[in-house]
Structure formats: C-alpha cells, structure tokens
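J.: For reference, each letter of the sequence shown is one residue, going 0 to 329 in numbering that gives the first Met the number 0.
Every residue gets a Cβ at the ideal spot worked out from N, C-alpha and C, and that includes glycine.
Got a structure here, written out as structure tokens. Questions coming.
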Amino acid sequence: MNTARKDRRQLSLDDNAVAARLFGGGGENLKRIERDLNVSIDTRGTLVTIQGDEANITMAGRLIEELYLLVKRGYQLNPFDIDYALRMLIQDGAAPLESIFLDTVCTTAFKKKAITPKSIAQKRYVDAMRNHDIVFSIGPAGTGKTYLAIAMAVATLKAKEVDRIILTRPAVEAGEKLGFLPGDMAAKVDPYLRPLYDALHDMIGSDQIEQLMERTTIEVAPLAFMRGRTLSDSFVIMDEAQNTTPEQMKMFLTRLGRSSRAVITGDITQIDLLMGKTSGLVEAPEVLKSVEEIEFIYFSEKDVVRHPLVQDIIKAYEKAEKSNETVQGE
Numbered sequence: 000m001n002t003a004r005k006d007r008r009q010l011s012l013d014d015n016a017v018a019a020r021l022f023g024g025g026g027e028n029l030k031r032i033e034r035d036l037n038v039s040i041d042t043r044g045t046l047v048t049i050q051g052d053e054a055n056i057t058m059a060g061r062l063i064e065e066l067y068l069l070v071k072r073g074y075q076l077n078p079f080d081i082d083y084a085l086r087m088l089i090q091d092g093a094a095p096l097e098s099i100f101l102d103t104v105c106t107t108a109f110k111k112k113a114i115t116p117k118s119i120a121q122k123r124y125v126d127a128m129r130n131h132d133i134v135f136s137i138g139p140a141g142t143g144k145t146y147l148a149i150a151m152a153v154a155t156l157k158a159k160e161v162d163r164i165i166l167t168r169p170a171v172e173a174g175e176k177l178g179f180l181p182g183d184m185a186a187k188v189d190p191y192l193r194p195l196y197d198a199l200h201d202m203i204g205s206d207q208i209e210q211l212m213e214r215t216t217i218e219v220a221p222l223a224f225m226r227g228r229t230l231s232d233s234f235v236i237m238d239e240a241q242n243t244t245p246e247q248m249k250m251f252l253t254r255l256g257r258s259s260r261a262v263i264t265g266d267i268t269q270i271d272l273l274m275g276k277t278s279g280l281v282e283a284p285e286v287l288k289s290v291e292e293i294e295f296i297y298f299s300e301k302d303v304v305r306h307p308l309v310q311d312i313i314k315a316y317e318k319a320e321k322s323n324e325t326v327q328g329e
C-alpha cells in the first residue's frame, strides 16, 4: 500500500469566465499540467486544489497563476503554450511570462493570431532585432530563428521603417551556379527559399505576396547574385547561413546600406559545405566579437517550439553523435 504523503494547495481565482478559458474544454489544459508535473488537480468553480509532491505543486501553482493572468489580459492560450511556459519557469523561476507571451511581433494574415516569443531566448532574440541593425541567431531547427525574423521584417515593413524585405539563402546543393536553371531569379532559387515563403504566407497571404514581389517590395536575392549591391532601406534575412564560406559571409555583411537591418540565421550542426571548407557562420562570432553593435543570440534544444517530438529528436541525435565521438576516440 502506498503511504507516501501528498501535499495540498488551493488557489482561488476571481473570474469564472477567465478560469474556464484557462482550464480549457473538458479541462484539457489542467490535464496537461497534471501530466507534465505529476500532480492531481481538482476544480470547483474558481477554486483549484492541487495535490502532489511539494516542489511539483509549488510549480503547478505558479504556472496556473501566471497563465491565469495571461488569459485575463486576453491572451488566447493553446495547449503547447503550457509546455513553453513550464519550460521557462523551470529554466528561470522568475521568468516574466506576461512580458514574453504578450510581446506581439506581428499577426498572421488569416486568423489574426499574435506571433509572440515562446521562450526566454526567443524574447532576447526579438529584443535584439528591435535594438540592433545586425543580429545573428544560431541554434537547432525548430527554435523559431527564421520565423521570428520574417515576423520582425513584416512588422518593420508595415511600420514603414524599411521599404523592402530581401530574402537570401545559399544554394549549396546547386553550387550557387543558378544560371543553368530555368525561369527567372525567383524560380531558380524557389526550392531553397521555400521555408521563407512559407513564413511569409502565414503573415501576409499569397495574393499580397505576389503583388509585393512584382513591385520588388519583397525580393528574393540568392547569395550568388548579391555581390556588388548596396542594400539600403531594407530588412535583409539570410537563412541557412552555416552554408556560407567566410568570404561569402563578409560579402553579405558588407552589402548593408543606410537605414537597413540584417538578420543572419543558421544551425552550425547542419553544415553542408564540402569537406575542408570553413563555415562563415562558425567563424563570424570570433571575427566580429569586438563589434559591440552586432548581437549574437544562441538557441538550444530547450528553445524548440515545433512539435514536442522535435526536441526529443534533437536530444536523441546529440546523444548518438556524442556516443560515436567516444567510440572513435577510443
């Protein structure tokens, strides 16, 4: 018979309607908290009773209180937000969840859903893009590096702080020799820039994107075609920057003209350059460390905001890679 003592804590919320939105249909949000923190949660109106180990009920209580305040402020809570909020509180018990979740960068085109940071690192990233003309974001897939950069670019364009958005990405698989491919510039690099287009579709919509591209307000500029240009009054995003050489990185950074911003994103664990080639993204932090106006933001698997399984996949591969390195070193 299990005789382990369970601690108990009660929370009294002050608004039935807000509490109902917090709890979710059928109490699905509370069930998620129960599962994540191994606690039992019962509700009677606005009275919430939490049972479990002391540390877990303390965390569950803090989480419910913080999420309640968010919902009260009008935030539309979804189940994944609970995981993100819990992850932030575990990482930093004093994490300002309100200022993070309510920091709207942009809204989606169709559902008008707010695009906000979902981790402490994402909040630092958003603030860096607002306060610096050149920002590097380095980390694994699924951490929102590209998506938030696109959101910031769209927000900046709508605010008339820039005149155009320029998207670029090294086309490593084609050796950057794009002239032999059929179609215009956009058609040639379309497969490489598809993730950027996908994000734009979320925030602007297909019809408007086509109009903006016709007017070159949104421009695709493959890295191979940027040499010699000066990019003024622009928000420039280079994605997959781990596949640039140091020479290409220098060329890109020196294209920036007046009233322009640049965001460089990449994952240094997924370099596709030929063996022996140095990645410009690997070299940049060392070369540029003395330039105070340039900000570097680093993400880890803790910041993954795609499907929860993505975080587990990244951890599994990192574990396997470390194991292989150990075997090879023996």
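1) Which runs of the beta strand (DSSP E), 3 residues or longer, sit entirely within the region 220 to 293?
2) If the criterion is Cβ atoms closer than 7 Å, does the pair ILE81 and ASN28 meet it?
3) Report the partner residues of ARG163 according to the DSSP bridge assignment.
4) Please go through the region 76 to 156 and give each complete beta strand (DSSP E) segment of 3 or more residues, from N-terminal end onward.
5) Assuming TYR278 and THR243 are in contact, meaning their beta carbons sit under 8 Å apart, how far apart are those beta carbons, in whole angstroms?
6) Report all residues from its chain with a CB closer than 8 Å to the CB of ARG305; omit the five preceding and five following residues, and keep chain order.
7) Do ILE114 and CYS105 have their CB atoms nearer than 7 Å?
8) What's the C-alpha gap between HIS200 and SER299?
9) Please classify ALA173: does DSSP put it in a helix, a strand, or coil?
10) Only counting the same chain, and skipping five residues up and downstream in sequence, which positions put a Cβ closer than 7 Å to that of VAL17?
11) In its own chain, which residues sit with a C-beta less than 7 Å from the C-beta of THR215, not counting the 5 before and 5 after it?
12) Using three-state DSSP, classify SER299 as helix, strand or coil.
13) Assign LYS176 to one of two classes, buried (16 or more other C-beta atoms within 10 Å of its C-beta) or exposed (fewer than that).
14) In the DSSP assignment, what are the bridge partners of SER205?
15) Since GLN210 sits in a beta bridge, which residues does DSSP pair it with?
16) Would you identify the three-state DSSP class for VAL47, choosing helix, strand or coil?
17) Please look up how many angstroms separate the CB atoms of MET212 and ALA108, rounded, as I've assumed it's under 8 Å.
18) Tell me the rounded alpha-carbon separation between GLY24 and GLU320.
T.: Judging by the given coordinates:
1) 233 to 237, 260 to 265
2) yes
3) SER233
4) Entirely contained in the region 76 to 156, the beta strand (DSSP E) runs reaching 3 residues are, in chain order, 133 to 137.
5) Inspection of the sequence shows that residue 278 is occupied by Ser rather than by Tyr. Correct: roughly 7 Å between the Cβ atoms.
6) ALA140, GLY141
7) yes
8) Straight-line Cα distance between these residues: approximately 27 Å.
9) With a pLDDT of 38 at ALA173, under the threshold of 50, the modelled position of that residue is not reliable, and no figure is offered here.
10) TYR67, VAL70, LYS71
11) Hits under 7 Å: ARG163.
12) coil
13) Model confidence at LYS176 stands at a pLDDT of 49, short of 50, so the residue's coordinates are unreliable; what they give is reported in the following sentence. Exposed, since its Cβ has fewer than 16 Cβ neighbours within 10 Å.
14) BP columns for SER205 are empty, so no partner.
15) BP columns for GLN210 are empty, so no partner.
16) Of the three classes helix, strand and coil, the one that applies to VAL47 here is strand, per DSSP.
17) The Cβ separation is near 15 Å, so there is no contact.
18) 42 Å
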